[in-house]
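Written below as structure tokens is the structure these notes are about.
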Amino acid sequence: MSAFIQQLPALIGVMIGALGSYLAVVRSDQARFLRERTARWEERRLAVYADYARSLKKTVTLTYRVASHLGADPHPHPLSLAAAEPLLAEAAVARDPSGEALIMLGSTEAVEKARLWVAVVLEMERFVRAERREPQAWQTLLAQQRAAREGYYAAVRSDLELRPGHAARVPLPSVPPA
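In terms of this note's numbering, the sequence shown opens at residue 8 and continues consecutively.
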């Protein structure tokens with residue numbers, strides 16, 4: 008028995024070392040799991056944000072083209088409203104699922120900024136559907152759309168903890184009055 012008592016401190020040391028090693032591995036695995044899960048969700052949110060922006064930009068581009076046909080925008084590829092109608096409907100249908108995904112996964116601020124952006128885009132769509140030929144009013148809408156888009160992208164970058172990005176302001180040629 009005295010041999011057992013002499014070996015007891017070594018045995019306790021081995022047990023403490025094994026327990027410590029086990030706890031270190033468990034904590035390391037938990038930390039890795041949390042990092043991987045966070046990265047997966049960030050990737051999903053980025054994909055949702057990009058899909059929504061892409062679906063909204065389809066409508067924006069179509070309204071540019073119709074406004075160009077009406078003489079209100081300098082877009083180089085004009086498109087008549089009749090030709091754009093099915094494309095606008097398709098863009099609206101494609102926007103709905105990406106909007107739902109945005110509501111589900113997006114931050115409160117990004118969703119709010121997306122709502123502001125889509126409201127301006129819908130106003131642009133109403134403008135061209137009414138076949139308005141007012142370059143100044145169209146330019147005002149364009150400025151509002153760009154500001155709303157910039158706000159959305161800033162909210163997305165903030166949510167994903169990215170650096171501030173480019174405002175994408177490219178000077179466009181002016182449209183001569185009709």
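Where a beta carbon is used, it is the ideal one built from N, C-alpha and C, also for glycine. Because the structure is a prediction, the values reported are computed rather than measured.
In this structure, does DSSP put residue 30 in helix, strand or coil? helix
Between residue 83 and residue 76, how many whole angstroms is the CB-CB distance? I'm expecting something under 8 angstroms. Wrong, their Cβ atoms sit about 12 angstroms apart, outside the cutoff.
Taking 7 angstroms as the threshold (C-beta atoms), are residue 112 and residue 121 in contact? no
Could you say if the region 56-71 and the region 88-107 meet the contact criterion of at least three C-beta pairs nearer than 8 angstroms? Output reads yes: the region 88-107 touches the region 56-71.
CB-CB under 8 angstroms to residue 101, same chain, minus the five flanking residues each way: which ones, in chain order? Excluding residues within five positions, the ones whose Cβ falls inside 8 angstroms are 62, 65.
From residue 141 to residue 156, what does the alpha carbon distance come to, in whole angstroms? 22 angstroms
Rounded straight-line distance, which links the Cα of residue 116 to that of residue 146: In a straight line, the C-alpha of residue 146 is about 27 angstroms away from that of residue 116.
Starting from residue 136, trace the alpha helix (DSSP H) both ways and give me its first and last residue. 115-136
Mind checking which residues open and close the alpha helix (DSSP H) that includes residue 78? Residue 78 -> no alpha helix (DSSP H), and no H or E assigned at all.
What is the DSSP secondary structure of residue 156, counted as helix, strand or coil? helix
Output the distance between the C-alpha atoms of residue 18 and residue 27, rounded to the nearest integer angstrom. 14 angstroms
Identify whether residue 24 lies in helix, strand or coil by the three-state DSSP scheme. helix
Measure the CB-CB distance between residue 56 and residue 163 and report whether it falls below 7 angstroms. yes
Outcome for residue 169 when other beta-carbon atoms lying within 10 angstroms are tallied against a minimum of 16: exposed
Starting from the C-beta of residue 151, find all residues in its chain whose C-beta is less than 8 angstroms away, skip the five residues before and the five after it, and write them out in chain order. If we look at residue 151 and ignore the five residues flanking it on each side, its Cβ neighbours are 127, 130.
Measure the beta-carbon distance from residue 2 to residue 132 and round it to whole angstroms, keeping in mind my assumption that it falls under 8 angstroms. Absent from the structure is residue 2, since the part of the chain shown begins at 8 and ends at 185.
Test item: CB-CB of residue 58 and residue 114 under 7 angstroms: no
Taking C-beta to C-beta, are residue 73 and residue 118 nearer than 7 angstroms? no
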